[in-house]
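Under my numbering, residues 38 to 461 are what the sequence shown spells out, in order.
Positions of the beta carbon are idealized from the N, C-alpha and C atoms, including for glycine.
Accompanying notes for the structure given below.
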Amino acid sequence: MSKTIAGWANYPRIKAEVFTPSDRVGVSNVIIVNERIIARGNGKSYGDASLAPKVLSTLKLNRILSFDSENGLVACEAGTLLSDLLKIIVPKGWFFQVTPGIKDITVGGAIASDVHGKNHPTAGCFSNWLVSFELMTASGAIKSCSPAENAELFWQTCGGMGWTGVILSAKFKLLKITATTMRQKTVYATDLIALLNAFEENRAWPYAAGWVDCTHTNWRGIVFFAEHQQENETGTPLEFSEAPKRNIPFFAPSWLLNPLSIRAHNFFFFHKKRPNEEAVTLDKYFYPLDALLNWNRFYGRRGLVQYQFCLPEKTAFKGLRQVLETIRESGETPFLTVLKRHGERPSEAIHSFPIQGYSLALDFPRTTGIFDLVKKLDALVWGLEGKIYLTKDACSAPKMGRVNPASFGEGKFSSLLRTRLLGE
Numbered sequence: 038m039s040k041t042i043a044g045w046a047n048y049p050r051i052k053a054e055v056f057t058p059s060d061r062v063g064v065s066n067v068i069i070v071n072e073r074i075i076a077r078g079n080g081k082s083y084g085d086a087s088l089a090p091k092v093l094s095t096l097k098l099n100r101i102l103s104f105d106s107e108n109g110l111v112a113c114e115a116g117t118l119l120s121d122l123l124k125i126i127v128p129k130g131w132f133f134q135v136t137p138g139i140k141d142i143t144v145g146g147a148i149a150s151d152v153h154g155k156n157h158p159t160a161g162c163f164s165n166w167l168v169s170f171e172l173m174t175a176s177g178a179i180k181s182c183s184p185a186e187n188a189e190l191f192w193q194t195c196g197g198m199g200w201t202g203v204i205l206s207a208k209f210k211l212l213k214i215t216a217t218t219m220r221q222k223t224v225y226a227t228d229l230i231a232l233l234n235a236f237e238e239n240r241a242w243p244y245a246a247g248w249v250d251c252t253h254t255n256w257r258g259i260v261f262f263a264e265h266q267q268e269n270e271t272g273t274p275l276e277f278s279e280a281p282k283r284n285i286p287f288f289a290p291s292w293l294l295n296p297l298s299i300r301a302h303n304f305f306f307f308h309k310k311r312p313n314e315e316a317v318t319l320d321k322y323f324y325p326l327d328a329l330l331n332w333n334r335f336y337g338r339r340g341l342v343q344y345q346f347c348l349p350e351k352t353a354f355k356g357l358r359q360v361l362e363t364i365r366e367s368g369e370t371p372f373l374t375v376l377k378r379h380g381e382r383p384s385e386a387i388h389s390f391p392i393q394g395y396s397l398a399l400d401f402p403r404t405t406g407i408f409d410l411v412k413k414l415d416a417l418v419w420g421l422e423g424k425i426y427l428t429k430d431a432c433s434a435p436k437m438g439r440v441n442p443a444s445f446g447e448g449k450f451s452s453l454l455r456t457r458l459l460g461e
């Protein structure tokens, strides 16, 4: 059907012809008759990664094929949502080795973006735990890919933004858990240096994510460290419990998010009293934004632009300050800023976003000035030997992902992102 689609940021919005095959025969039929197309999961990527005039939706390819609850191995079709898997694997004592900050994404999307989580220094990206996947190429042929079989295609696909073909199914390893709670440690930092020192001084904690107040003179913040509880103290069966959901039923007026309202929000968020250590649910620690349905509507119909970049350790401390100073000078104000530390990347994972160092994700209301700011940030990040996350990108310079889209596959699988990067 023909419909208007967008990523989670609601920018850009385009008219597209969307195909929704329910099996691999249907996928093949769609691929063969269309010259150019891109696969799309649940539409949670922020930028133009899964936008094109013709789109193949994988949401009907959502069967769970097998679950080895003894050894923690699950196989499923590419359109399966992580949220659906959680309901099955958690009661059996398993969780994801790596999960992003939202759970309503597809397994195929997790592979195409090679998603990372709050534990990258110790667990890496999704590809680190991927056993194998089936990929349909431009000719309609199905190839089984793993680190040992069709290895080059395997690594081109992990983080490859869907440009090598359509992922049909995948098998991956899970993490054994004995409780559905996390021990969370909250550290307050009065400035950027204290914030970064908190990460360095608490490296023993496997999970960490920081919030930065970009409206504060010295960029104060909070870091939330966590580890899995080691036993089910209550003796009750494991269950993935979710926080009660609230919905944003309509788009907010564009004036709602402005420097003054963002400053007020950040003030109250920083001064909200939290215990130094507490037990929180899996859902609260890993997926806090999922408790607010359609939260992207806060930004109004104009949408938002997220700028997420990673800097190597040698330039991170100096570079983060330079980036934040550039943002302040621009007059643009991000509503949400998240800081993470990253570890080494396997040499084979050539398209994975994280590099050893620090990443910053900034959510900006889409104002008329944001595109000029992105150009300045691109130049700065490039000079600091950094890169951006293509899954979040909507308007950066073609070189910023440090990949060559022309090297992927046979060129049939094309999104607006790839078209923009190639200058077509």
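Asked                                                                                                                                             : Found
If we call anything under 8 Å between Cβ atoms a contact, is C195 one with V144?                                                                  : no
Pick out whichever of H265, G460, P243 and L421 has its Cα sitting closest to the Cα of V127.                                                     : H265
Return the first residue and the last residue of the alpha helix (DSSP H) that I364 is part of.                                                   : E350 to S367
Just to confirm the assignment, what range does the alpha helix (DSSP H) spanning H302 have?                                                      : P296 to H308
Do K155 and K429 come within 8 Å of each other at the CB atom, strictly closer than that value?                                                   : no
Starting from the Cα of G247, find the closest Cα among G138, I204 and E461 and give me that residue.                                             : G138
Are there 16 or more other CB atoms within 10 angstroms of the CB of A283, so buried, or fewer, so exposed?                                       : The question names Ala, yet the displayed sequence has Arg at residue 283. The residue in question, R283, is exposed, as its Cβ has fewer than 16 Cβ neighbours within 10 Å.
Taking the beta carbon of A353 as the centre, do at least 16 other beta carbons fall within 10 Å, making it buried, or is it exposed?             : buried
Around the Cβ of E171, are there at least 16 other Cβ atoms within 10 angstroms (buried) or fewer (exposed)?                                      : buried
Assuming the contact rule is C-beta atoms closer than 8 Å, K208 and S169 should be a hit. Round their C-beta distance to whole Å, please.         : 5 Å
What number of angstroms, rounded off, separates the C-alpha of S103 from the C-alpha of V111?                                                    : 6 Å
Could you check how far apart the C-beta atoms of E491 and G406 are, in whole angstroms? I think they sit under 8 Å.                              : As shown, the chain starts at 38 and ends at 461. That puts residue 491 outside it, with no answer to give.
Report yes if the C-beta distance between Q6 and A175 is below 8 Å; otherwise report no.                                                          : Look at the range of the chain in this structure, 38 to 461, and you will see that residue 6 is not part of it.
Less than 8 Å between the beta carbons of D228 and A280, yes or no?                                                                               : no
Distance check for R382 and T95, CA to CA, integer angstroms please.                                                                              : 29 Å
Could you tell me if M38 is buried or exposed, where buried requires 16 or more neighbouring beta carbons within 10 angstroms of its beta carbon? : exposed
At what residues does the alpha helix (DSSP H) containing E107 begin and finish?                                                                  : First-last for E107: undefined, no H or E at that position.
For I74, write down the residues that DSSP places opposite it in a beta bridge.                                                                   : F450
Quick check: what's the CA-CA separation for T374 versus L212?                                                                                    : 28 Å
In terms of residue numbering, what span does the beta strand (DSSP E) encompassing E237 cover?                                                   : From DSSP, E237 is part of no beta strand (DSSP E) but of the alpha helix (DSSP H) over L229 to E238.
Can the beta-carbon of G438 be found less than 8 Å from the beta-carbon of L427?                                                                  : yes
Is the distance from the Cβ of G199 to the Cβ of I75 below 8 Å?                                                                                   : yes
If L294 and F372 are in contact, beta carbons under 8 Å, what's the gap, nearest whole angstrom?                                                  : 6 Å
Give me the Cβ distance between W45 and K81, rounded to the nearest whole Å; I'm assuming they're in contact under 8 Å.                           : 5 Å
Cβ atoms of R61 and M219: under 8 Å apart, would you say?                                                                                         : no
Rounding to the nearest angstrom, what Cα-Cα distance links I101 and C162 in this structure?                                                      : 22 Å
What residue does the alpha helix (DSSP H) around W419 start on, and which one ends it?                                                           : I407 to G420
From the DSSP output, read off the bridge partner residues of E114.                                                                               : S206
With H, G and I counted as helix, E and B as strand and the rest as coil, what does DSSP make of F261?                                            : strand
Could you please give the first and the last residue of the uninterrupted beta strand (DSSP E) stretch that includes A289?                        : Segment: none, A289 is in no beta strand (DSSP E) and carries neither H nor E.
Just the Cα atoms here: how many angstroms apart are I42 and R50?                                                                                 : 6 Å
Taking the straight line between their C-alpha atoms, what separation do you get for N165 and F236?                                               : 23 Å
What does a CB cutoff of less than 6 Å around E315 pick up in its chain, not counting 5 residues either side in sequence?                         : Q221
Could you give the C-beta distance for K97 and T57, rounded to a whole number, given that I count them as a contact under 8 Å?                    : 6 Å
Whose C-beta lies closer than 7 Å to the C-beta of I69 among residues of the same chain, with five residues either side of it excluded?           : G177
Leaving out five residues before and five after I179 in sequence, what residues of the same chain have Cβ atoms less than 8 Å from its Cβ?        : R61, E171, L172, M173 and L205
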